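Student: Sharing a structure, written as structure tokens. Questions coming.
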Amino acid sequence: MSIRIKLFALLLIFSLIPLLVVSVISRQGIQELGQVQSDNLRADMIKILTDEMHQSAKDSAKLVQQQAVSLEFALKAIGAEAEDVLNDPVGSPPKVYFAEDFNIKGRQPADFGPSPQYFVISEKGQKTPSSVSLEEPVFFYPDGKEHLKEEQDLTRLCLLKPDLKSFFNEAGTALHRVYITLNSGLHMAYPGHGNYPANYDPRKRAWFTEAVERGNIVWDKFIDASTGQQVYTLSKPIRNRTGKTIGVVAIDIQLVELLRKEDLTSQWSSAIQAFVVGPVKTDDGVELRIWAEAGHKETNMSWMTGLPNEVRYLQSSTKNSMIGLINSIAKGESGVMRMPYNGVESVWAFAPFRGEGSYVLITPERVITRVPERAANQALELSKNLYVAVGAASFFTLLTVGLVAFVGSRKVIKPLLVMTDAAEKISEGDLSVHVDVKTGDERETLANAFNHMIPKLQDHLRITKSMELAQEVHTSLLPQGPPQAAGLDISGTSISCDETGGDYFDFYTPPVSGGTGILLGDVTGHGVSAALLMTTGRAHLKHASGHQEPLDTRIGEVNKLLCSDIGDTGRFMTLFCLEISPDNSAATYVRAGHDPATIYNPASGEKRELMGSPMLALGIFDEAEYSKFDVDLTEGEIIFIGTDGIWEARNTKDEMFGRERLDQIIFTNAQRSAAEIQQEIIAEVYKFQDGMEQEDDITLVIIKVNEFNKA
4 MSIRIKLFAL
14 LLIFSLIPLL
24 VVSVISRQGI
34 QELGQVQSDN
44 LRADMIKILT
54 DEMHQSAKDS
64 AKLVQQQAVS
74 LEFALKAIGA
84 EAEDVLNDPV
94 GSPPKVYFAE
104 DFNIKGRQPA
114 DFGPSPQYFV
124 ISEKGQKTPS
134 SVSLEEPVFF
144 YPDGKEHLKE
154 EQDLTRLCLL
164 KPDLKSFFNE
174 AGTALHRVYI
184 TLNSGLHMAY
194 PGHGNYPANY
204 DPRKRAWFTE
214 AVERGNIVWD
224 KFIDASTGQQ
234 VYTLSKPIRN
244 RTGKTIGVVA
254 IDIQLVELLR
264 KEDLTSQWSS
274 AIQAFVVGPV
284 KTDDGVELRI
294 WAEAGHKETN
304 MSWMTGLPNE
314 VRYLQSSTKN
324 SMIGLINSIA
334 KGESGVMRMP
344 YNGVESVWAF
354 APFRGEGSYV
364 LITPERVITR
374 VPERAANQAL
384 ELSKNLYVAV
394 GAASFFTLLT
404 VGLVAFVGSR
414 KVIKPLLVMT
424 DAAEKISEGD
434 LSVHVDVKTG
444 DERETLANAF
454 NHMIPKLQDH
464 LRITKSMELA
474 QEVHTSLLPQ
484 GPPQAAGLDI
494 SGTSISCDET
504 GGDYFDFYTP
514 PVSGGTGILL
524 GDVTGHGVSA
534 ALLMTTGRAH
544 LKHASGHQEP
554 LDTRIGEVNK
564 LLCSDIGDTG
574 RFMTLFCLEI
584 SPDNSAATYV
594 RAGHDPATIY
604 NPASGEKREL
614 MGSPMLALGI
624 FDEAEYSKFD
634 VDLTEGEIIF
644 IGTDGIWEAR
654 NTKDEMFGRE
664 RLDQIIFTNA
674 QRSAAEIQQE
684 IIAEVYKFQD
694 GMEQEDDITL
704 VIIKVNEFNK
714 A
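In terms of our numbering, the numbers along the sequence shown are unbroken and rise by one, the last being 714.
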């Protein structure tokens with residue numbers, strides 16, 4: 004076999020096969036990307052549409068609320084007009100129409116005729132238009148009250164006819180009727196109509212009695228006595244100038260007309276349903292009573308029976324979600340939920356209306372997801388077309404590469420083989436290789452880049468070894484073991500978050516009093532720069548620990564030395580220094596900007612913070628003064644000194660470990676040795692982090708005061 008064929012086969016193995024693999028992976032990636040983009044598009048569009056539906060619910064609730072307020076305002080205005088005319092002098096009686104006039108042909112007003120807004124409901128729910136007069140109101144009196152035809156109040160009420168007509172023309176289709184009933188039984192309603200039941204007495208209706216009893220505006224649902232239509236009635240008392248109630252003014256509205264069914268249908272779908280609901284207590288708990296429902300088919304009901312059979316509740320088969328909806332509505336909240344309605348997965352949007360009531364929109368999920376599904380399918384189809392195009396392009400690319408390899412395999416492959424051989428040597432640790440390729444094209448550029456890469460690898464290797472050495476030096480600077488102090492059990496450790504750290508702790512023997520000295524410091528930041536500053540601070544502290552001056556004087560000397568070393572770098576070092584007396588009964592400490600040490604008493608369950616007074620960290624101000632403080636110790640107490648890398652450790656939920664967890668660990672493990680308590684703290688911190696990367700150095704020293712040295 005010729006060398007050219009071998010090279011050709013080699014090129015196929017090293018070039019075409021990887022290209023084929025990449026092509027397959029890229030096609031798979033395109034397909035997966037298309038699926039992801041399709042899903043994201045679907046989710047985003049559904050989110051937009053559900054938010055839009057939520058906004059529709061809030062807008063509709065606001066509109067209904069505004070219309071309700073407007074109707075209440077109009078009711079008050081009509082009541083005020085009625086109170087004025089009923090207290091004014093009487094003029095000449097005008098021509099009026101009583102209920103019986105509307106039922107007798109020839110005695111009816113000239114404009115009396117059928118109106119699509121008013122209808123009579125049959126037992127099967129069929130609607131037959133009912134006749135009304137928009138020019139004349141109707142007057143009615145109960146049985147046995149014929150003398151009311153001559154009442155002066157009848158003349159006074161006629162003065163309200165222009166106001167009632169004006170109000171009716173401006174109120175819109177939601178308005179059903181406006182009427183006034185006096186305590187005498189005299190009743191005037193607009194628009195004028197007949198068909199009053201023979202035994203009808205408006206004074207016995209709940210809208211009359213409740214308005215008189217409460218003395219303010221009352222909302223409730225009733226059956227209109229003349230048509231059988233369900234209406235919502237607003238009523239309020241009217242009074243004379245002495246404040247005595249003389250009657251009731253009321254407005255009947257069709258709340259369903261306010262639910263914007265047609266507007267919502269045009270915006271969403273005919274499948275959308277609108278409700279006005281309110282939470283009420285029932286035998287089954289709290290349920291949502293339906294006060295109004297757009298599109299609900301009414302059936303004939305007697306005006307005397309009230310609405311017992313029409314008490315309906317908004318329900319869903321998902322009880323937990325329904326309870327959440329009821330709670331949200333009771334709190335006056337708005338929102339969007341997904342749960343079934345009548346067995347169909349639906350989207351519910353709700354917004355507060357009139358106190359604890361709520362405006363609710365329900366639409367099947369298919370309405371919300373129809374457009375997103377179509378868009379998502381189009382995106383998926385586009386990715387499939389791209390998948391096919393990439394496949395075809397990959398095929399022709401492979402074919403072209405194979406053809407080019409067959410024609411110029413030796414010339415193309417040889418430089419690559421040279422670089423491959425060099426790469427293998429580098430992988431084995433030989434960084435002295437050099438690739439000499441002179442082709443005048445990209446292969447030569449690649450070879451030059453390869454040659455430039457080797458010195459950088461050498462630098463990286465040298466830095467890595469230097470960092471390993473720095474870590475060894477940093478570790479060697481820390482105590483190799485705790486001091487052997489009679490009556491004390493001491494353990495300390497430092498764990499860096501980088502290759503090297505800026506935390507430091509050490510033990511020494513105080514030069515004047517003897518006993519046991521403990522140093523623990525924390526340099527700002529971490530890494531190499533912090534480790535270098537820590538080394539400088541350690542040297543100064545080591546030197547000062549042998550001086551005969553008091554502890555606060557020694558710390559002041561170290562501060563001046565660090566200030567001269569650090570200069571204006573903005574770096575500094577916090578320090579806590581504790582010197583325990585030879586008999587272990589007392590201690591002296593200096594706190595230079597560091598967190599206070601804590602003394603735990605397991606016997607009493609109490610702890611003490613060695614706060615001292617606020618003093619600057621080392622290396623900030625060379626004239627800073629430091630003070631020492633004394634503290635008495637008790638046998639059995641545990642002293643903790645540490646850095647904030649412990650209690651500021653965070654988990655995947657961005658929660659901090661905190662001092663309370665640390666206190667609990669120390670109290671729980673108080674009977675164990677200092678080393679065991681230390682290990683337990685570190686283990687709990689790692690467990691709390693749950694795989695999160697350590698953000699700061701962790702350093703701590705545990706001292707157990709087991710007993711005093713009596714000698």
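By construction, the Cβ of each residue, glycine as well, lies at the ideal position given by its N, Cα and C atoms. Owing to the predicted nature of the structure, the values given are computational and were not obtained by experimental measurement.
In whole angstroms, what is the alpha-carbon distance linking Y316 and G288?
Tutor: Reading the sequence shown from its first residue, position 313 is the one you call residue 316. Reading the sequence shown from its first residue, position 285 is the one you call residue 288. Cα to Cα, Y316 sits roughly 12 angstroms from G288.
Student: Whose CA, out of G231, I49 and I429, lies closest to the CA of F122?
Tutor: Translated into positions along the sequence shown, residue 122 becomes position 119. For the residues G231, I49 and I429, the minimum Cα distance to F122 belongs to G231.
Student: Leaving out five residues on either side along the sequence, give the residues of the same chain with a beta carbon under 7 angstroms from the beta carbon of G517.
Tutor: On the sequence shown, position 514 is the one that residue 517 refers to. Same-chain partners within the cutoff: P585.
Student: Are there three or more Cβ pairs, one per stretch, closer than 8 angstroms when the stretch 193-201 is compared with the stretch 221-237?
Tutor: Yes, the stretch 193-201 is in contact with the stretch 221-237.
Student: In angstroms with no decimal places, state the Cα-to-Cα distance between K130 and T158.
Tutor: Your numbering for residue 130 matches position 127 in the sequence shown. Your numbering for residue 158 matches position 155 in the sequence shown. Going from the Cα of K130 to the Cα of T158 covers about 35 angstroms.
Student: What is the rounded straight-line gap between the Cα of D633 and the Cα of C500?
Tutor: For the purposes of this step, residue 633 is identified with residue 630 of the sequence shown, where counting begins at 1. For the purposes of this step, residue 500 is identified with residue 497 of the sequence shown, where counting begins at 1. Roughly 34 angstroms separates the two Cα atoms.
Student: Does DSSP put D555 in a helix, in a strand, or in coil?
Tutor: Translated into the one-based positions of the sequence shown, residue 555 becomes position 552. Looking at D555 - three-state DSSP - the assignment turns out to be helix.
Student: Pick from V526, K690 and K79: whose alpha carbon is nearest that of R716?
Tutor: The requested residue 716 is not part of the displayed model; the chain covers only 4 to 714.
Student: Suppose you measure from the CA of H597 to the CA of K713; what does that come to, to the nearest Å?
Tutor: Reading the sequence shown from its first residue, position 594 is the one you call residue 597. Reading the sequence shown from its first residue, position 710 is the one you call residue 713. Going from the Cα of H597 to the Cα of K713 covers about 33 angstroms.
Student: Look at L544 and V561 and say whether their C-beta atoms are less than 8 angstroms apart.
Tutor: Within the sequence shown, the letter at position 541 stands for residue 544. Within the sequence shown, the letter at position 558 stands for residue 561. In this structure, V561 lies closer than 8 angstroms to L544 by Cβ.
Student: Within 10 angstroms of the Cβ of G694, are there 16 or more other Cβ atoms? Answer buried if so, exposed if not.
Tutor: Indexing the sequence shown from 1 puts residue 694 at position 691. Exposed is the call here.
Student: Which of helix, strand or coil does DSSP assign to F356?
Tutor: Taking the sequence shown and counting its residues from 1, one reaches residue 356 at position 353. Residue state, collapsed to three classes: strand.
Student: Tell me which residues share the same chain as F670 and place their Cβ nearer than 8 angstroms to its Cβ, disregarding the 5 neighbours each side in the sequence.
Tutor: Taking the first residue of the sequence shown as 1, we reach residue 670 at position 667. The residues are Y603, P605 and G608.
Student: With a cut-off of 8 angstroms on the beta carbons, I'd call G338 and S331 a contact; round off their distance for me.
Tutor: Start at 1 with the first residue of the sequence shown, and residue 338 comes out as number 335. Start at 1 with the first residue of the sequence shown, and residue 331 comes out as number 328. Their Cβ separation, rounded to whole angstroms, is 6 angstroms, which keeps G338 and S331 in contact under 8 angstroms.
Student: Could you tell me which residues DSSP pairs with E612 in its beta bridges?
Tutor: Looking up residue 612 in the sequence shown gives position 609. DSSP output for E612 lists T601 as bridge partner(s).
Student: Would you report the Cα separation of L163 and P119, rounded to the nearest angstrom?
Tutor: Locating residue 163 in the sequence shown gives position 160, counting from the first residue. Locating residue 119 in the sequence shown gives position 116, counting from the first residue. Taking the straight line joining both Cα atoms gives about 25 angstroms.
Student: When burial is assigned at 16 or more other CB atoms within 10 Å of the CB, is T308 buried or exposed?
Tutor: Position 305 of the sequence shown, counting from 1, holds the residue named residue 308. Low confidence applies here, because T308 scores a pLDDT of 49, under 50, leaving its location unreliable; read the following figure in that light. Burial call: exposed.
Student: Between which residues of its own chain and T372 is the CB-CB distance below 7 angstroms, once the five residues before and five after are set aside?
Tutor: Within the sequence shown, residue 372 is the residue found at index 369, counting from 1. I49.
Student: Just to confirm the assignment: which complete beta strand (DSSP E) runs, minimum length 3, are found wholly within the stretch 506-547?
Tutor: Correct list: 506-511 and 519-526.
Student: On the CB-based measure, 16 or more other CB atoms within 10 Å of its CB, does F278 come out buried or exposed?
Tutor: Taking the sequence shown and counting its residues from 1, the one referred to as residue 278 is at position 275. It is buried - the Cβ of F278 has at least 16 other Cβ atoms within 10 Å.
Student: Buried or exposed for D104, please, with buried defined as at least 16 other CB atoms from any protein chain shown within 10 angstroms of its CB.
Tutor: Within the sequence shown, the letter at position 101 stands for residue 104. With 16 or more other Cβ atoms within 10 Å, it is buried.
Student: Assign N219 to one of two classes, buried (16 or more other C-beta atoms within 10 Å of its C-beta) or exposed (fewer than that).
Tutor: Locating residue 219 in the sequence shown gives position 216, where the first residue counts as 1. With fewer than 16 Cβ atoms within 10 Å of its Cβ, N219 is classed as exposed.
Student: Which residue comes first and which comes last in the alpha helix (DSSP H) that contains F711?
Tutor: To locate residue 711, count along the sequence shown from 1; it is residue 708. Neither: F711 is in no alpha helix (DSSP H) and is coded neither H nor E.
Student: Identify which residue in E651, D42, P132 and V234 has its Cα closest to the Cα of L765.
Tutor: Since the displayed the chain opens at 4 and closes at 714, residue 765 lies outside it and no answer follows.
Student: Among all the DSSP beta bridges, which residues are the ones paired with M695?
Tutor: The residue labelled residue 695 in the question sits at position 692 within the sequence shown. M695 pairs with nothing; no bridge assigned.
Student: Cutting at 7 angstroms between CB atoms, please list the residues of its own chain near E84, excluding the five before and the five after it.
Tutor: Here residue 84 is taken as the residue at index 81 of the sequence shown, counted from 1. Answer for E84: L163 and D166, listed in chain order.
Student: Have a look at the DSSP bridge pairing and note the partners of E447.
Tutor: Within the sequence shown, residue 447 is the residue found at index 444, counting from 1. E447 pairs with nothing; no bridge assigned.
Student: At which residues does the alpha helix (DSSP H) containing R675 begin and terminate?
Tutor: Sequence index remark: in the sequence shown, residue 675 carries index 672 (1-based). First-last for R675: undefined, no H or E at that position.
Student: Less than 8 angstroms between the C-beta atoms of V708 and E612, yes or no?
Tutor: Within the sequence shown, the letter at position 705 stands for residue 708. Within the sequence shown, the letter at position 609 stands for residue 612. No, the pair does not count as a contact, with Cβ atoms beyond the cut-off.
Student: To the nearest whole angstrom, what separates the beta carbons of G576 and G622, a pair I think is in contact under 8 angstroms?
Tutor: Start at 1 with the first residue of the sequence shown, and residue 576 comes out as number 573. Start at 1 with the first residue of the sequence shown, and residue 622 comes out as number 619. One detail in the question is off: residue 576 reads as Met in this sequence, not Gly. With 8 angstroms as the limit, M576 and G622 qualify as a contact, their Cβ atoms being about 6 angstroms apart.
Student: Just confirm the distance between the C-beta atoms of V438 and M422, as a whole number of angstroms; I'd bet it's less than 8 angstroms.
Tutor: Your numbering for residue 438 matches position 435 in the sequence shown. Your numbering for residue 422 matches position 419 in the sequence shown. Contact flag correct, Cβ pair sits at about 5 angstroms.
Student: Give me the Cβ distance between L178 and I254, rounded to the nearest whole Å; I'm assuming they're in contact under 8 angstroms.
Tutor: For the purposes of this step, residue 178 is taken as the residue at position 175 of the sequence shown. For the purposes of this step, residue 254 is taken as the residue at position 251 of the sequence shown. Right, their Cβ atoms sit about 7 angstroms apart.
Student: Going straight from the alpha carbon of N380 to that of Q682, what length do you get?
Tutor: For the purposes of this step, residue 380 is taken as the residue at position 377 of the sequence shown. For the purposes of this step, residue 682 is taken as the residue at position 679 of the sequence shown. Those two C-alpha atoms are separated by around 57 angstroms.
Student: Pick out the complete alpha helix (DSSP H) segments inside the stretch 163-191, 4 residues or longer, and give them in chain order.
Tutor: Within the stretch 163-191, the complete alpha helix (DSSP H) runs of at least 4 residues are 164-174.
Student: Quick one: give me the first and last residue of the beta strand (DSSP E) that M340 is part of.
Tutor: The residue labelled residue 340 in the question sits at position 337 within the sequence shown. Per DSSP, M340 belongs to the beta strand (DSSP E) from G338 to Y344.
Student: Taking the CB atoms as reference points, tell me whether T212 and F225 lie closer together than 8 angstroms.
Tutor: For the purposes of this step, residue 212 is identified with residue 209 of the sequence shown, where counting begins at 1. For the purposes of this step, residue 225 is identified with residue 222 of the sequence shown, where counting begins at 1. Not a contact, by the Cβ cut-off of 8 angstroms.
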